Amino acid sequence: MTVSRVLSLGFVLSLAVPVVGCNKDKEGPPDNAQTVAAFQEAKPGAGATATIQGLVQATKGKAWPIVDRPGGPFVYCEMAAPPEGVTEGDRVVATGKVVDTAMLKECSITPLKK
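Now the structure itself:
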């Protein structure tokens, strides 16, 4: 294969790659939603409002752990009442008041479309 063909193939693939696996009906997290790791690294001040995205690791009690990946760092999301229809492993967006880098209070959890 000549250099020009390799470059042409690379250009064509670079155009096609963003389209592969793209589902326009799938809802993504809002632009201001941070991963758990990014939230913890930013060390937001207590009382601030924060929005994180991740997976629900457990659904027991009023404070659910949200993780980037199973076994990874977590942030507890404490709420008055758990949302309906959200199960362990669901991808969610959580918004609440920062207590520290491992806890949000007065939290609301919104599931993302699967």
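Each residue of the sequence shown is one higher than the last, beginning at 4 in my numbering.
Virtual Cβ for every residue (Gly too), placed ideally from N, Cα, C.
Computed from a predicted model, the values in this text were never measured in an experiment.
- Residue pairing by DSSP places V89 in no beta bridge whatsoever.
- For A51, the number of other beta carbons within 10 angstroms of its own is below 16, and it is reported as exposed.
- Remark: C-beta atoms of G57 and V95 approach each other more closely than 9 Å.
- Following the DSSP letters along the chain, one finds Q60 in no alpha helix (DSSP H), marked with neither H nor E.
- Here T54 has N35, A36 and T98 as same chain residues with Cβ atoms under 6 Å from its own Cβ, once five neighbours each way along the sequence are excluded.
- Under the DSSP assignment, A40 falls outside any beta strand (DSSP E), being part of the alpha helix (DSSP H) whose first and last residues are V39 to A45.
- C-alpha of A40 to C-alpha of V78: approximately 9 Å in a straight line.
- Non-local C-beta neighbours of E91 in its own chain, meaning closer than 8 Å and more than five positions away in sequence, comprise V59, Q60, A61 and T62, ordered along the chain.
- DSSP places P114 inside the beta strand (DSSP E), whose first and last residues are M106 to P114.
- Taking the C-beta atoms as reference points, P114 is found nearer than 9 Å to V89.
- Assignment of A97 by DSSP, reduced to helix, strand and coil, places it in the strand class.
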